Amino acid sequence: MPSTDGGGPGGAQAPGAPHALDAPPPGPRELRDLDDVERAAAAVLPRDVWDFVAGGSGRELTLAANRAAFDRVFVTPRVLRDVSGCTTDTTLLGRPARMPVVVAPVAYQRLVHPDGEPAAARAARDADVPFTVATLSSVPVEEVTAVGGRVWFQLYWLRERGRSLDLARRAEDAGCEALVLTVDVPWMGRRQRDVRNRFALPGHVRAAHLASGAQSAAHRSAGDGSAVAAHTAAAFSPGLTWSDVEAVRSVTRLPIVLKGILAPDDALHAARLGVDAVVVSNHGGRQLDGALPAVEALPTVAEAVGDSCEVLMDGGVRSGTDVLKALALGASGVLVGRPPVWGLAAGGQAGARRVLDLLAEELRDALGLAGCASPAGARELRAVRLP
Numbered sequence: 013m014p015s016t017d018g019g020g021p022g023g024a025q026a027p028g029a030p031h032a033l034d035a036p037p038p039g040p041r042e043l044r045d046l047d048d049v050e051r052a053a054a055a056v057l058p059r060d061v062w063d064f065v066a067g068g069s070g071r072e073l074t075l076a077a078n079r080a081a082f083d084r085v086f087v088t089p090r091v092l093r094d095v096s097g098c099t100t101d102t103t104l105l106g107r108p109a110r111m112p113v114v115v116a117p118v119a120y121q122r123l124v125h126p127d128g129e130p131a132a133a134r135a136a137r138d139a140d141v142p143f144t145v146a147t148l149s150s151v152p153v154e155e156v157t158a159v160g161g162r163v164w165f166q167l168y169w170l171r172e173r174g175r176s177l178d179l180a181r182r183a184e185d186a187g188c189e190a191l192v193l194t195v196d197v198p199w200m201g202r203r204q205r206d207v208r209n210r211f212a213l214p215g216h217v218r219a220a221h222l223a224s225g226a227q228s229a230a231h232r233s234a235g236d237g238s239a240v241a242a243h244t245a246a247a248f249s250p251g252l253t254w255s256d257v258e259a260v261r262s263v264t265r266l267p268i269v270l271k272g273i274l275a276p277d278d279a280l281h282a283a284r285l286g287v288d289a290v291v292v293s294n295h296g297g298r299q300l301d302g303a304l305p306a307v308e309a310l311p312t313v314a315e316a317v318g319d320s321c322e323v324l325m326d327g328g329v330r331s332g333t334d335v336l337k338a339l340a341l342g343a344s345g346v347l348v349g350r351p352p353v354w355g356l357a358a359g360g361q362a363g364a365r366r367v368l369d370l371l372a373e374e375l376r377d378a379l380g381l382a383g384c385a386s387p388a389g390a391r392e393l394r395a396v397r398l399p
């Protein structure tokens, strides 16, 4: 991840700076890995927008730990296995997918590209993976599902409980195939980059699913902090409990996914309530700074729930090899949030699609080299976490 001063990764220039020697930005095929994509996005985004997307909460300890924890995981490959037909094909929530990857919900994607969420959703459609629309999407869910493909909807619990349930019904009516209830945001974590930048939304970006009164504060420059944090504090309810999960279940036939689980006991409670999946997640290091890295929490959560529900994870996934590691530690799939947004910033729909194609190519390579003919085989690998 980039340094907390807002500079780009790997020595890249500061966000928003012109390309070296005024060279044109790289085309999608010139992006060879997700680090390239991150650097390309850092080069074109204004500093405050880059910080909003790339930053974490507090001292960004958890943000850095998410990535470092993946680097400590190593797998033991198997040999003398026929991988000539190696495939990344799998199922997610019982439906076929090109690979065990879901595009995670990310707010306000028109901040990084004028086409916003529909362009990212088209990229996911063409890559044959699900795309998750955020409650804080800058485009209504109906416009996203209209592009086709598999669409999930992420739900924040609002202070007006009825509006939360209405959004769940609206997502189902719009054609979404799953509901992802985020459970780790009673209020937004203190994101120091946004505080220092006094970050506020530009006039052309809005939260399409919130009433105008609830979101107007996000456009007003905060005198001593983040306007976006102020408006989410006004909109989100800190009172979400297990009974509300049951209430959501009562108003929709969609599969329910709880996102933001780190404790095995919470995962087990969710499974006993009949949720269809849990996402092991610390919100990409954007909520509690000092929370356990998601990949560290993954094995105990997977062991706790067994086969009673699917276990997904997010936080720090930056390559197909990372996907392999997550599978070996018990996940049935991963969510990726920042990388597709970087791709969108760097190259629109084609850039977002490049991110997903890179993950698919890298995952197939990793599976075959590990002696696995499919993602299911990765669950049999031995994974160890080095100190």
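Remember, this note's numbering sits 12 above the position in the sequence shown when you count from 1. Each residue gets a CB set at the ideal place from its N, CA and C atoms; glycine is no exception. Nothing here was measured: the structure is a model prediction, and the numbers come from that model.
C-beta atoms of residue i and residue j nearer than 9 Å
{"i": "L285", "j": "R265", "result": "no"}
{"i": "L5", "j": "V292", "result": "With the chain represented from 13 up to 399, any question about residue 5 goes unanswered, as that position is not in the structure."}
{"i": "V114", "j": "L324", "result": "yes"}
{"i": "V346", "j": "C321", "result": "no"}
{"i": "A220", "j": "R175", "result": "no"}
{"i": "F165", "j": "V145", "result": "yes"}
{"i": "K271", "j": "V348", "result": "no"}
{"i": "E72", "j": "G297", "result": "yes"}
{"i": "V65", "j": "L104", "result": "no"}
{"i": "R107", "j": "A139", "result": "no"}
{"i": "G161", "j": "F143", "result": "yes"}
{"i": "R171", "j": "S249", "result": "yes"}
{"i": "S255", "j": "V207", "result": "no"}
{"i": "P117", "j": "S149", "result": "yes"}
{"i": "A279", "j": "V317", "result": "yes"}
{"i": "A385", "j": "D94", "result": "yes"}
{"i": "A183", "j": "L167", "result": "yes"}
{"i": "T147", "j": "A190", "result": "no"}
{"i": "L339", "j": "D45", "result": "no"}
{"i": "A132", "j": "V313", "result": "no"}
Of the residues the options, the one placed nearest residue i, counting alpha carbons only
{"i": "L398", "options": "L75, R41, T88", "result": "T88"}
{"i": "V85", "options": "G383, G349, L356, P305", "result": "P305"}
{"i": "S331", "options": "V290, L375, T312", "result": "L375"}
{"i": "S10", "options": "L310, A131, G187", "result": "The displayed coordinates of the chain run from 13 to 399. Any statement about residue 10 would go beyond what the structure contains."}
{"i": "P126", "options": "N209, L92, A358, A372", "result": "A358"}
{"i": "D83", "options": "D334, P352, E392, R365", "result": "D334"}
{"i": "G360", "options": "D45, A53, D48", "result": "A53"}
{"i": "E315", "options": "L300, G328, D277", "result": "D277"}
{"i": "F211", "options": "G187, V240, V156", "result": "V240"}
{"i": "V91", "options": "V159, A382, W199", "result": "A382"}
{"i": "A80", "options": "A362, L368, Q299, G327", "result": "G327"}
{"i": "D48", "options": "R391, S386, P351, L379", "result": "P351"}
{"i": "G342", "options": "G302, G363, W354, L393", "result": "L393"}
{"i": "R173", "options": "R137, N294, V257", "result": "V257"}
{"i": "L57", "options": "Q121, L43, A247", "result": "Q121"}
{"i": "M200", "options": "P214, A385, A245", "result": "A245"}
{"i": "L43", "options": "G97, R391, A385, V367", "result": "V367"}
{"i": "L336", "options": "L300, V353, A378", "result": "A378"}
{"i": "P214", "options": "L371, T74, P40, D60", "result": "D60"}
{"i": "A136", "options": "V197, V307, L356, A395", "result": "L356"}
{"i": "A395", "options": "A259, V269, E308, D319", "result": "E308"}
Segment limits, alpha helix (DSSP H) that includes residue i
{"i": "V197", "result": "Neither: V197 is in no alpha helix (DSSP H) and is coded neither H nor E."}
{"i": "T333", "result": "332 to 340"}
{"i": "R51", "result": "46 to 56"}
{"i": "G97", "result": "First-last for G97: undefined, no H or E at that position."}
{"i": "F64", "result": "59 to 66"}
{"i": "H216", "result": "Looking at the DSSP string, H216 is not in any alpha helix (DSSP H), and its letter there is neither H nor E."}
{"i": "D277", "result": "276 to 285"}
{"i": "A223", "result": "Premise fails: A223 is in no alpha helix (DSSP H) and is neither H nor E."}
{"i": "G128", "result": "128 to 139"}
{"i": "G389", "result": "387 to 390"}
{"i": "R298", "result": "Premise fails: R298 is in no alpha helix (DSSP H) and is neither H nor E."}
{"i": "L43", "result": "Looking at the DSSP string, L43 is not in any alpha helix (DSSP H), and its letter there is neither H nor E."}
{"i": "V124", "result": "Where V124 is concerned, there is no enclosing alpha helix (DSSP H), given that its DSSP letter is neither H nor E."}
{"i": "P311", "result": "306 to 317"}
{"i": "T253", "result": "From DSSP, T253 is part of no alpha helix (DSSP H); its letter is neither H nor E."}
Cross-strand partners of residue i (DSSP beta bridge)
{"i": "A109", "result": "T102"}
{"i": "V290", "result": "L270, V323"}
{"i": "L191", "result": "F165, I268"}
{"i": "L170", "result": "F248"}
{"i": "T144", "result": "W164"}
{"i": "F86", "result": "V396"}
{"i": "V263", "result": "Bridge partners of V263: none, in fact."}
{"i": "V114", "result": "L347"}
Cβ of residue i within 9 Å of any chain B Cβ
{"i": "P58", "result": "Absent here is chain B; the protein component of the structure consists of one chain."}
First and last residue of the uninterrupted beta strand (DSSP E) at residue i
{"i": "G345", "result": "345 to 348"}
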